[in-house]
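Protein chains in written order, with the numbering used here: chain A, 5 to 279; chain B, 5 to 279. Glycine is no exception: its CB is placed at the ideal position from the N, C-alpha and C atoms.
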């Protein structure tokens with residue numbers, strides 16, 4: 005995508021293979037991805053190899069936005085429709101597939117809207133109404149437009165959205181949040197990190213403070229799921245299961261829509277319910 | 005396939021990644037495959053990791069054999085049908101796909117029988133009738149039963165069949181040739197090498213002698229095509245194009261049936277025709 009120079013391509017390939025041959029296989033996939041993509045950026049001398057793809061994903065999202073917004077407004081349950089669409093947008097992930105066609109996005113929207121959330125969205129919006137500070141961890145460019153539909157259904161004054169600190173694959177940065185008009189709607193911060201997920205120890209002190217202060221985290225996508233699923237924090241994960249390992253971990257099928265609360269959050273809820 | 009011990013799996017994975025990171029990318033794919041599979045055999049302490057798969061492929065080939073033989077005998081052009089089926093059998097290649105289902109084989113047979121060879125089979129059988137010594141380079145277990153159908157259409161006294169010298173992926177060895185009754189029909193030798201192709205310099209002196217003495221080579225499969233296509237020898241390649249690089253090199257589409265003569269062979273023919 006970034007260079008047709010076969011000498012550089014070979015150099016990138018060799019360095020990545022060497023890195024992977026020595027890699028700690030217990031590292032999370034976003035940490036592995038960070039290390040691999042640092043090599044690509046360094047060797048090709050491109051700080052943002054996916055720039056064009058991110059721009060066209062944002063453009064495509066914005067093209068679909070008016071239709072999706074009408075759909076949400078006219079839906080029997082607008083909140084559920086907004087959650088379904090936000091998850092549908094998670095198909096725009098170039099860390100999993102090397103390309104995402106417009107038809108894949110339409111298919112993902114149709115599937116998500118046909119997948120009932122079985123009342124999980126009620127628990128989700130209940131937690132939102134009880135929370136004082138909500139941190140929304142966005143995932144990919146393009147997908148951020150789908151997030152906007154959901155964020156519009158949230159109590160906006162409680163919400164801060166976080167994006168990645170530096171370009172990494174097609175993950176969302178502040179540039180994308182600005183491009184789709186999200187920064188006008190809600191407070192957006194960056195996490196200071198170049199990982200395609202949320203590796204807390206590597207995030208900026210400001211981000212870490214916001215994360216710890218928030219009493220509810222909304223985490224989009226596989227990368228955030230892979231890095232935060234064991235965190236002692238009340239987190240709702242919204243994603244599509246795009247690989248077999250994730251599907252097995254979440255107890256669903258490949259391609260399924262996931263809206264699930266972290267173990268910590270579920271325990272907290274059970275205790276609250278008892279009281 | 006060979007071990008469920010994750011420690012060994014990780015060791016194999018790391019060693020192969022390290023090897024590939026330093027590999028000369030100008031090497032032919034069968035040479036790369038040889039080096040990779042030597043690591044697998046050594047680290048898992050299994051001289052023949054694909055043994056069971058080869059046995060079941062042979063068994064499946066033998067199950068299909070009576071029906072295919074009747075088809076050939078009753079065909080309008082039995083020789084063309086035999087060539088088509090021999091190429092169809094080339095789908096049984098575990099070096100390209102990690103598994104081959106019985107339905108894939110049926111599909112491959114149907115497609116091959118519906119692909120006219122456009123008279124190329126006439127040139128092929130013309131060369132066979134003019135040759136004095138023919139060396140038939142077999143490719144994979146299971147596929148060897150399909151080869152038998154074609155070999156039955158050849159002037160058997162001129163023909164020697166060569167198999168690999170040692171187990172490598174699911175490539176055919178003398179064990180398979182015996183198992184499917186080929187050794188009773190025709191002289192079968194092994195090439196002394198553990199490469200999934202024919203790397204002449206690594207083959208036994210006896211094989212090299214036979215190769216040089218033969219005035220016609222029939223070479224089955226991608227591995228033989230990848231290692232012999234630049235050889236100054238009259239060679240007919242019979243294979244299915246199972247990867248994009250091969251398809252482009254042969255000027256056909258992925259999955260296509262290929263019956264093509266080496267550049268050297270084609271030149272020889274043109275000269276003969278002029279005389």
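Quiz item: Exposed or buried, which one is residue 29 of chain B when buried takes at least 16 other CB atoms within 10 Å?
Solution: exposed
Quiz item: Below 8 Å between beta carbons: does that hold for residue 211 of chain A and residue 195 of chain A?
Solution: yes
Quiz item: Which whole-angstrom value is the C-beta distance of residue 129 of chain A and residue 89 of chain A, which I expect to be below 8 Å?
Solution: 15 Å between Cβ atoms; not a contact.
Self-check item: Bounding residues of the alpha helix (DSSP H) (the contiguous stretch that carries residue 194 of chain B)
Solution: Looking at the DSSP string, residue 194 of chain B is not in any alpha helix (DSSP H); the run it does join, the beta strand (DSSP E), is 191-194.
Exercise. Please check if any C-beta of chain B sits within less than 8 Å of the C-beta of residue 15 of chain A.
Key: no
Quiz prompt | Opening and closing residue of the alpha helix (DSSP H) in which residue 158 of chain B lies | solution = Taken as a continuous stretch (DSSP letters only), residue 158 of chain B belongs to no alpha helix (DSSP H), as it is neither H nor E.
Quiz item: So, does the CB of residue 264 of chain A fall closer than 8 Å to a CB anywhere in chain B?
Solution: no
Quiz item: Would you say the stretch 49-61 of chain A touches the stretch 37-48 of chain B, given that touching needs at least three Cβ pairs under 8 Å?
Solution: no
Quiz item: Does any heavy atom of the ligand SAH sit closer than 7 Å to the C-beta of residue 230 of chain A?
Solution: Among the ligands in the structure shown, none appear at all, so the ligand SAH cannot be discussed.
Practice problem: Could you tell me whether the Cβ of residue 225 of chain A comes closer than 8 Å to any Cβ of chain B? | Solution: no
Exercise. Run the CB neighbour count on residue 234 of chain A, radius 10 Å, all protein chains shown included, and call it buried at 16 or more, exposed below.
Key: exposed
Practice problem: Starting from residue 244 of chain A, trace the beta strand (DSSP E) both ways and give me its first and last residue. | Solution: 239-244
Quiz prompt | Endpoints, the alpha helix (DSSP H) within which residue 43 of chain B is located | solution = 33-48
Quiz item: Counting contacts by CB-CB distance shorter than 8 Å, is residue 29 of chain B in contact with chain A?
Solution: yes
Quiz prompt | Contacts that residue 11 of chain B makes with chain A (C-beta to C-beta distance below 9 Å) | solution = Correct list: empty, because the minimum Cβ distance to chain A is about 11 Å.
Quiz item: Going along the chain, which residues of its own chain have a beta-carbon closer than 7 Å to the beta-carbon of residue 72 of chain A, five neighbours each way excluded?
Solution: 89 and 153
Practice problem: Output, in sequence order along the chain, the residues in the stretch 16-50 of chain B whose CB is closer than 9 Å to any CB in chain A. | Solution: 17, 18, 19, 20, 21, 22, 23, 24, 25, 26, 27 and 29
Quiz item: Run through DSSP, which three-state label would residue 214 of chain B get?
Solution: helix
Quiz item: Who are the Cβ neighbours of residue 61 of chain A in its own chain at under 8 Å, not counting the five residues just before and after it?
Solution: 96, 104, 144, 145, 146, 147 and 174
Quiz item: Is there a Cβ from chain C that is less than 8 Å from the Cβ of residue 202 of chain B?
Solution: Here chain C cannot be found, since the structure's protein chains are A and B.
Quiz prompt | Neighbourhood of residue 47 of chain A by C-beta distance below 7 Å, restricted to the same chain and skipping five residues each side | solution = 12, 15, 16 and 19
Quiz item: Taking the alpha-carbon positions, what's the residue 267 of chain A to residue 58 of chain B distance?
Solution: 47 Å
Quiz item: How about residue 121 of chain B and residue 84 of chain B: do their beta carbons lie closer than 8 Å?
Solution: yes
Exercise. Look up residue 75 of chain A in the DSSP assignment and give the residues it is bridged to.
Key: In DSSP, residue 75 of chain A forms no bridge with anything.
Self-check item: Spatial neighbours of residue 172 of chain B in its chain, beta-carbon cut-off 6 Å, leaving aside the 5 residues before and after
Solution: 41, 198 and 200
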